[in-house]
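For reference, the structure is listed below as structure tokens.
There are 2 protein chains.
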Amino acid sequence: MTGTKSIDKALSVLKHVLWDEETRVEELAQQLDMPLATIYRHITALERGGLVWRENRNAFAPGVCLLRRFDTQGFNAFLSEQSRPIVEAFSKHMNLTVHLGVFEDDMVTYLVKCAVEGSGFFTRETAQLDAYCSGLGKVLLGSLSARELDNYFSSGTLPKITAATITDEAQLRKEVRAVAKRGYGMDVEEFEEGLFCVAVPITDRDQKVLAALSVSSREPEHVGANLKSVLKKLRTAAGDIQEALYSGTG
Amino acid sequence: MTGTKSIDKALSVLKHVLWDEETRVEELAQQLDMPLATIYRHITALERGGLVWRENRNAFAPGVCLLRRFDTQGFNAFLSEQSRPIVEAFSKHMNLTVHLGVFEDDMVTYLVKCAVEGSGFFTRETAQLDAYCSGLGKVLLGSLSARELDNYFSSGTLPKITAATITDEAQLRKEVRAVAKRGYGMDVEEFEEGLFCVAVPITDRDQKVLAALSVSSREPEHVGANLKSVLKKLRTAAGDIQEALYSGTG
DNA sequence: GGTGAATTCTCATAATATGGGAATTCAAAA
DNA sequence: TTTTGAATTCCCATATTATGAGAATTCACC
Chain W
23 MTGTKSIDKA LSVLKHVLWD EETRVEELAQ QLDMPLATIY RHITALERGG LVWRENRNAF
83 APGVCLLRRF DTQGFNAFLS EQSRPIVEAF SKHMNLTVHL GVFEDDMVTY LVKCAVEGSG
143 FFTRETAQLD AYCSGLGKVL LGSLSARELD NYFSSGTLPK ITAATITDEA QLRKEVRAVA
203 KRGYGMDVEE FEEGLFCVAV PITDRDQKVL AALSVSSREP EHVGANLKSV LKKLRTAAGD
263 IQEALYSGTG
Chain Y
23 MTGTKSIDKA LSVLKHVLWD EETRVEELAQ QLDMPLATIY RHITALERGG LVWRENRNAF
83 APGVCLLRRF DTQGFNAFLS EQSRPIVEAF SKHMNLTVHL GVFEDDMVTY LVKCAVEGSG
143 FFTRETAQLD AYCSGLGKVL LGSLSARELD NYFSSGTLPK ITAATITDEA QLRKEVRAVA
203 KRGYGMDVEE FEEGLFCVAV PITDRDQKVL AALSVSSREP EHVGANLKSV LKKLRTAAGD
263 IQEALYSGTG
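Order-wise, the sequence lines are chains W and Y. 23 is the number of the first residue of the first sequence in the numbering used here; add one for each residue after it. 23 is the number of the first residue of the second sequence in the numbering used here; add one for each residue after it.
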């Protein structure tokens with residue numbers, strides 16, 4: 023009970039803010055008998071931590087971290103809403119098809135897809151696809167704990183989709199570890215002949231992987247000569263998305 | 023970003039502890055680069071706030087407040103597990119039937135029931151019963167916000183079960199307000215002829231009502247001459263249950 | 001009842017949170 | 001646009017509070 027006064031206060035702000043549908047900050051200050059400046063300071067800290075999301079002037083909602091942990095549906099909705107404009111702008115800027123996906127039930131769920139004209143992709147938003155055969159999927163697999171990865175491998179098979187698809191568990195494990203280590207995943211015609219893909223993780227501020235972002239292309243130089251430049255832009259976009267998941271800019 | 027250093031740290035402890043299935047406190051200290059004493063202090067604060075529940079030496083789980091907000095099922099399970107021994111002891115001590123119930127879908131869900139021999143009650147655990155005609159139900163109704171109460175009244179009728187059942191909305195609203203104000207609810211043959219019942223709220227440490235606890239009896243003195251004494255014991259038991267919902271003592 | 005690990009306690013001190021009020025930003029209206 | 005009142009951030013001297021090493025205690029399992 024000693025040495026935690028400010029924490030106790032911050033937690034009680036958290037509870038009031040999340041447990042009451044609507045909260046005027048000034049009323050809150052009165053209820054909790056704290057000066058306005060203090061309340062605002064605490065709210066800011068909670069936002070920065072991803073515990074609280076500021077809906078608007080006097081409505082608060084659970085932040086990314088709480089959604090991620092306690093409300094998968096809400097998290098997915100929030101993530102696609104926040105990332106969509108960034109993904110769209112990015113796709114337009116690159117003139118390439120861009121996907122954002124999360125790992126769910128041992129599959130990749132595509133939450134956002136921005137396709138460029140012409141290049142027919144059969145992926146659709148909210149579609150679930152296998153993880154082992156795409157760059158995006160491999161990034162997500164790379165974020166799993168040892169236990170989760172074991173579980174993944176124990177519950178499915180790895181059908182060969184193209185000549186390049188990795189179908190050997192040991193080899194895929196190695197690849198996934200490598201992807202996690204180097205921080206990006208690639209897919210060179212493993213999913214479809216003539217299709218190339220680069221993907222990076224989208225993390226929260228604590229480096230926990232929330233989703234992955236990929237560009238797909240039919241031109242090999244995107245995974246070859248231009249890889250470095252593509253990666254840089256992907257990472258910038260991923261960073262922008264991370265930012266968008268927290269209320270402040272902090 | 024200023025004036026919240028300790029809060030930031032506490033929040034990061036919270037996240038690590040809840041987002042990782044298993045956490046050795048000492049490892050955590052290393053990961054977060056904080057001294058052991060500090061980590062323990064923060065964990066204690068989080069437990070005290072009802073955000074974290076200490077499963078055992080190195081496993082943590084969401085505390086009451088988080089369960090209540092984000093996981094109704096988990097909350098109910100937790101509540102019945104924690105309260106059952108207390109309810110049982112209380113029932114034995116009083117030699118009366120005791121119920122613990124929560125408000126869910128405009129009904130009362132009975133989570134724990136301890137009946138004394140003989141006095142046949144048809145309530146069963148996990149059964150859902152109407153709220154308007156029992157002392158326990160009225161306590162729970164008394165904890166609703168104006169909006170929730172409006173919603174309750176707009177979605178159901180108030181059938182007359184016994185001669186004493188309150189079936190008029192205005193009258194029930196008045197009764198519910200009174201119950202909330204005086205801190206306990208009674209039911210004098212409103213649910214069953216010859217059955218009397220006294221109920222008090224079980225709250226968390228922030229005075230938010232989580233559930234209600236009632237004793238039922240066929241002897242009118244329990245709601246008459248002995249009311250004061252019954253109430254006192256009920257409140258003690260309710261307090262004990264509150265305690266049991268937080269890891270530490272306090 | 002013994003043993004090693006986990007947890008709490010202690011307290012002087014450094015570090016940090018505090019808060020009143022001014023300054024600024026915001027959002028809705030004119 | 002401009003106005004306007006409210007919401008939010010900023011500022012900074014100071015008191016308050018968090019800190020953390022190590023000792024003391026409790027715990028859980030043998």
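Where is the CB? At the ideal position from N, CA and C, for every residue including glycine. Source: prediction; values computed, not measured.
- Scanning the stretch 152–223 of chain Y for uninterrupted alpha helix (DSSP H) segments of 4 residues or longer gives 157–163, 168–176 and 191–204, listed from N- to C-terminal end.
- Near chain Y, meaning a CB-to-CB distance below 7 Å, no residue of the stretch 145–166 of chain W qualifies.
- In the three-state scheme derived from DSSP, where H, G and I count as helix and E and B as strand, Lys114(W) is classed as helix.
- Secondary structure of Lys230(W) (DSSP, three-state): coil.
- In chain W, no part has a C-beta under 8 Å from the C-beta of Arg46(Y); the shortest such distance is about 15 Å.
- When Cβ-Cβ separations below 7 Å define contact, Thr26(Y) makes contact with chain W.
- The beta carbons of Cys155(Y) and Glu212(Y) sit closer together than 7 Å.
- Between Trp75(Y) and chain W, the shortest Cβ-Cβ separation is not below 7 Å.
- Annotation: Gly216(Y) to Val210(Y) spans about 8 Å, alpha carbon to alpha carbon.
- Below the 9 Å Cβ cutoff, chain W contributes no neighbours of Phe175(Y), its closest Cβ being approximately 19 Å away.
- At a cut-off of 7 Å between beta-carbon atoms, Phe92(W) makes contact with chain Y.
- Nearest CB-CB separation between Arg227(Y) and chain W: not below the 7 Å threshold.
- Following the DSSP letters along the chain, one finds Thr131(Y) inside the beta strand (DSSP E) bounded by residues Met129 to Cys136.
- If you draw a straight line from the Cα of Asp55(W) to the Cα of Val47(W), it comes to about 12 Å.
- Per DSSP, reduced to three states, the secondary structure at Asn80(W) is coil, with no helix or strand assignment.
- Neighbours of Asp55(Y) in chain W, taken as residues whose beta carbon is under 8 Å from its own, are absent, since the nearest beta carbon is some 14 Å off.
- Note: Ser238(Y) is bridge-paired with Thr119(Y) and Cys219(Y) in the DSSP secondary-structure output.
- For the 7 Å CB-CB criterion, Ala83(Y) and Thr26(W) do not form a contact.
- Around Leu101(Y), no beta-carbon contact reaches into chain W at under 7 Å, the shortest distance being about 16 Å.
- Here DSSP, grouped into helix, strand and coil, assigns Glu126(W) to strand.
- For Thr94(W), the three-state secondary structure derived from DSSP is helix.
- The criterion of a C-beta distance shorter than 7 Å is not satisfied by Leu163(Y) and Ala149(Y).
- Contact between the stretch 223–240 of chain Y and the stretch 254–268 of chain Y is present, with at least three C-beta pairs closer than 8 Å.
- No residue range can be given for His244(Y), since it is assigned to no alpha helix (DSSP H) and is classified by DSSP as neither H nor E.
- Residue-level contact by beta carbon fails for Gly270(Y) and chain W, as no gap is shorter than 7 Å.
- Bridge partners of Val74(Y) according to DSSP: Pro84(Y).
- Sorting Phe92(Y), Ile108(Y) and Gln95(Y) by C-alpha distance to the C-alpha of Glu265(Y) places Ile108(Y) at the top.
- Buried is the label assigned to Pro223(W), since at least 16 other Cβ atoms lie within 10 Å of its Cβ.
- For Thr45(W), the three-state secondary structure derived from DSSP is coil.
- Taking 7 Å as the threshold, the shortest C-beta distance from Lys182(Y) to chain W does not fall below it.
- Interface criterion met: the Cβ of Gly71(Y) is under 7 Å from a Cβ in chain W.
- The DSSP-derived three-state label of Thr225(Y) is strand.
- Interface criterion met: the Cβ of Leu33(Y) is under 7 Å from a Cβ in chain W.
- Distances from the alpha-carbon of Val124(W) to those of Leu166(W), His244(W) and Leu88(W) put Leu166(W) closest.
- Ile29(W) belongs to the set of residues whose beta carbon lies under 7 Å from a beta carbon in chain Y.
- Think of a sphere of 8 Å around the beta carbon of Ala83(Y): no beta carbon from chain W falls inside it, the nearest being about 11 Å out.
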